[in-house]
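Number 33 in UniProt numbering belongs to position 33 of the sequence shown; there are no gaps in the numbering. Every residue gets a Cβ at the ideal spot worked out from N, C-alpha and C, and that includes glycine. Inspection log for the structure reproduced underneath, given as C-alpha cells.
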Amino acid sequence: MDNTITINISIIYVLLAILACIALVYLIIVLVKLHKILNNVGTMLNENTQNINTTLNNLPNVVETFGEVGENMKDVTEVVTEVTADFLVTKDSVKSNMDVIVDILTIIKNIFLDKK
1 MDNTITINIS
11 IIYVLLAILA
21 CIALVYLIIV
31 LVKLHKILNN
41 VGTMLNENTQ
51 NINTTLNNLP
61 NVVETFGEVG
71 ENMKDVTEVV
81 TEVTADFLVT
91 KDSVKSNMDV
101 IVDILTIIKN
111 IFLDKK
C-alpha cells in the first residue's frame with residue numbers, strides 16, 4: 001500500500017498566481033483607502049489653514065500667559081497661607097475673648113441671682 005502523491009508543477013504555478021492576484025487585489029484596496037485618508041487630511045488642512053496659522057501665531061503668547069498664571073498662583077498660594085495663619089490666630093483670640101465674656105456674664109448672673 002504505497003500511497004504516492006504527485007503534484008504537477010503547473011498546478012503550483014496556478015495556485016501561486018491565484019494567491020498573487022488575491023494579494024494584489026488586497027494591496028489595491030489598502031492603497032485606495034490610504035489615498036482617501038490622505039485626501040481627507042489634505043482637505044482638512046486646506047480648510048483650516050487660517051485657523052492653524054492663527055493658533056500657531058498665538059501659541060507663544062499663550063505659553064507666556066500660562067507662565068504668568070503659574071507665577072500668580074504661587075503668589076496667591078503664599079497669600080492664602082498667610083491669611084489662613086492669621087485667621088487661626090484671630091479665631092483663637094476670639095475664642096479666648098468669648099470665654100472671658102462668658103465668665104463675666106456668669107459672674108453677673110450669679111450676682112443678680114444671689115441678691116434675690
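- Taken through DSSP and simplified to helix, strand or coil, residue 48 comes out as coil.
- DSSP places residue 3 outside both helix and strand once states are collapsed to three, so it counts as coil.
- Assigned with DSSP and collapsed to three states, residue 8 falls in coil, not helix or strand.
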